[in-house]
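Chemist: First residue of the sequence shown? That's 229 in the numbering used here, and the numbers climb one at a time after it. Backbone N, C-alpha and C fix where the C-beta goes; we use that ideal spot for every residue, glycine too. Bear in mind the structure is a predicted one, so any value in this text is a computation, not a measurement. Structure provided below as structure tokens; questions to follow.
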Amino acid sequence: MLKLKANNVMVREQMENESSGAVLLKDLSTIAAKEKLLKPRNNLPEVVRMLKEMHRATVRLLTGENSGLQAVYFEDEEMKKSFHCWPEVIFMDATNKLLETGMSCFLVIIENGNSESNIVAAGLLASEDAHTLRWFF
């Protein structure tokens, strides 16, 4: 019932009735936290499918010699349009080890005619070596 985001108080009452013992709301929070830790959060095939199907994004993957993932690049149609309209000024920002994967998150940003910034591409890079950066750009 916790996975369905049921009311914690009602779940606690139900568990107390079934087990004839005291159940604390803290116990429910602990159970929910353990479930969350056990659930895999880095399901690459699912992420790629979602980006392609739901957002109609262009997704490219770079794999290494041992088939390990080296980089992910993606952009959607809106990002492509923004880049084609204002390719004059391009900015780049990276945040290292932002996610559980330990990969750097790169954002490619343009400045439009109103001096507003738009993200035109994003990527996750396992390493920032010359080969990977050339592939990304």
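1) Does the Cβ of M238 have 16 or more other Cβ atoms within 10 Å, making it buried, or fewer, making it exposed?
2) Are the CB atoms of T291 and F302 within a distance shorter than 8 Å?
3) Quick check on the burial criterion: 16 or more other C-beta atoms within 10 angstroms. Buried or exposed for L352?
4) What distance in whole Å lies between the Cβ atoms of M307 and V275, which are believed to be in contact at a cut-off of 8 Å?
5) Looking at the structure shown, is T360 part of a helix, part of a strand, or coil, going by DSSP?
6) Under a three-way DSSP split, which group does M320 fall into?
7) Taking all protein chains shown into account, decide if V317 is buried (16 or more other Cβ within 10 angstroms of its Cβ) or exposed.
8) Taking the straight line between their C-alpha atoms, what separation do you get for M243 and K254?
Modeler: Reading it off the structure:
1) M238 comes out exposed.
2) No, they are not a contact pair.
3) Burial state of L352 is buried, judged by a 10 Å Cβ sphere holding 16 or more other Cβ atoms.
4) The beta carbons of V275 and M307 sit about 17 Å from each other, so the pair does not count as a contact at 8 Å.
5) Helix, per DSSP.
6) Strand at M320.
7) The residue is exposed, with fewer than 16 neighbouring Cβ atoms inside 10 Å.
8) One alpha carbon belongs to M243, the other to K254, and they sit about 13 Å apart.
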